[in-house]
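Structure first, then comments.
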Amino acid sequence: AQSVTQLGSHVSVSEGALVLLRCNYSSSVPPYLFWYVQYPNQGLQLLLKYTSAATLVKGINGFEAEFKKSETSFHLTKPSAHMSDAAEYFCAVSDPARYNAGNMLTFGGGTRLMVKP
Amino acid sequence: NAGVTQTPKFQVLKTGQSMTLQCAQDMNHEYMSWYRQDPGMGLRLIHYSVGAGITDQGEVPNGYNVSRSTTEDFPLRLLSAAPSQTSVYFCATLRGGHNEQFFGPGTRLTVL
């Protein structure tokens, strides 16, 4: 079984400050890992993904995440927060074999990012 | 392309009523799935389909039925709604051999 833990259901940063959203996973096999963003009243949009290539993954809107196997982590970072980054962020994990067979993702509980002016 | 569309956007039901949430896609993706989103719990997989005529259960299938008669459509049926099914429902698609799921805009369901 797989699971995802996102530390901190709410994170508040000032505009221009570093964004760090934490994600730890549990998986019995090398996983696929994803970060999604959800803006108010919208569906989920993929930010970035790790699928066993480079461990440092760059995504859209200046976000990046690093896969650290030893720490079972996939934390999301952005050097400088912008007001438009305010949203809810979800980390997700999948067993590659099951993902490619259509059995989808296991999500964390989400982290709501607030950006103060 | 419209991508993934869901109807209705909002729905209020009384306990015991039935309804169908519609999901349609025009990307010819083989895989489709339904998730529900509840505060603090992220998204949980209800049912998924790997192609027309093939469906399987996800993490929280009880109280929901699905069918997939065409590649384009994947409706989710609530046969007898319960207050515990109050949630936001998302449909998603995945193209075989690729890694990105595409999500619809969601349906917000309230069961009184």
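In order, the protein sequence lines correspond to chains U and P. Note that the working numbering numbers the first sequence so that position 79 is 98, with each residue one more than the last. Note that the working numbering numbers the second sequence so that position 83 is 832, with each residue one more than the last. Built from N, CA and C at the ideal position, the CB exists for glycine as well. Note that the structure is predicted; figures quoted are calculated from it, not measured.
So residue i contacts chain P; which residues on that side make the cut at Cβ distance below 8 angstroms?
i             : result
residue 103/U : Under the 8 angstroms cutoff, chain P gives no residues; its nearest Cβ is about 19 angstroms from residue 103/U.
residue 68/U  : 848, 849
residue 109/U : 791, 792
residue 65/U  : 849, 850
Taking C-beta pairs closer than 9 angstroms, name the residues in chain P that residue i reaches, listed in chain order.
i             : result
residue 126/U : 784, 786, 790, 791, 792, 793, 794
residue 129/U : 786, 788, 789, 790, 791, 792
For my contact list, residue i and residue j are in at a C-beta cut-off of 8 angstroms; report their separation, rounded to the angstrom.
i             : j             : result
residue 766/P : residue 830/P : 5 angstroms
residue 825/P : residue 126/U : About 18 angstroms separates the two Cβ atoms, so there is no contact after all.
residue 776/P : residue 851/P : 7 angstroms
residue 106/U : residue 132/U : 6 angstroms
residue 861/P : residue 834/P : In fact, because the Cβ distance is near 11 angstroms, the residues do not count as touching under 8 angstroms.
residue 33/U  : residue 49/U  : With a Cβ gap of about 37 angstroms, residue 33/U and residue 49/U do not count as contacting.
residue 856/P : residue 757/P : 6 angstroms
residue 814/P : residue 794/P : With a Cβ gap of about 15 angstroms, residue 814/P and residue 794/P do not count as contacting.
residue 38/U  : residue 87/U  : Not confirmed; about 18 angstroms, so no contact.
Identify the residues that DSSP records as bridge partners of residue i: which are they?
i             : result
residue 784/P : 794/P, 839/P
residue 85/U  : 75/U, 94/U
residue 762/P : 860/P
residue 39/U  : 96/U
residue 774/P : 753/P
residue 29/U  : 131/U
residue 814/P : 826/P
residue 800/P : 803/P
residue 23/U  : 44/U
residue 216/U : Only positions 20 to 136 of chain U appear in the structure, and residue 216/U is not among them; the question remains open.
residue 768/P : 827/P
residue 820/P : DSSP output for residue 820/P lists no bridge partner at all.
residue 125/U : 112/U
Looking at the secondary structure, which residues open and close the beta strand (DSSP E) in which residue i lies?
i             : result
residue 833/P : First-last for residue 833/P: undefined, no H or E at that position.
residue 696/P : In the structure displayed, chain P extends from 750 to 861; residue 696/P sits before or after that span and is not available.
residue 61/U  : Run containing residue 61/U: none; DSSP gives neither H nor E here.
residue 48/U  : Per DSSP, residue 48/U belongs to no beta strand (DSSP E) and is neither H nor E.
residue 113/U : 106-113
Taking Cβ-Cβ distances shorter than 7 angstroms, what residues in chain P pair up with residue i?
i            : result
residue 28/U : 789
residue 62/U : 839, 852, 853, 854, 855
residue 58/U : Ordered by position in chain P, no residue passes the 7 angstroms Cβ test against residue 58/U, which lies about 11 angstroms from the chain.
By the criterion of Cβ-Cβ separation under 8 angstroms, what are the contact partners of residue i in chain B?
i            : result
residue 44/U : The chain inventory of the structure shown lacks chain B, comprising the protein chains U and P.
Answer yes if the segment 43-54 of chain U comes into contact with the segment 22-33 of chain U, meaning at least three C-beta pairs across the two stretches below 8 angstroms, and no otherwise.
A contact between stretches requires three or more CB pairs, one per stretch, nearer than 8 angstroms, and the segment 22-33 of chain U meets this requirement with the segment 43-54 of chain U.
Mind the definition here: the segment 48-59 of chain U touches the segment 106-115 of chain U only if three or more C-beta pairs lie below 8 angstroms; say whether that holds.
Short answer: they touch.
How about the segment 779-787 of chain P and the segment 841-855 of chain P: do they share at least three Cβ pairs that are nearer than 8 angstroms?
They touch, by the three-pair rule.
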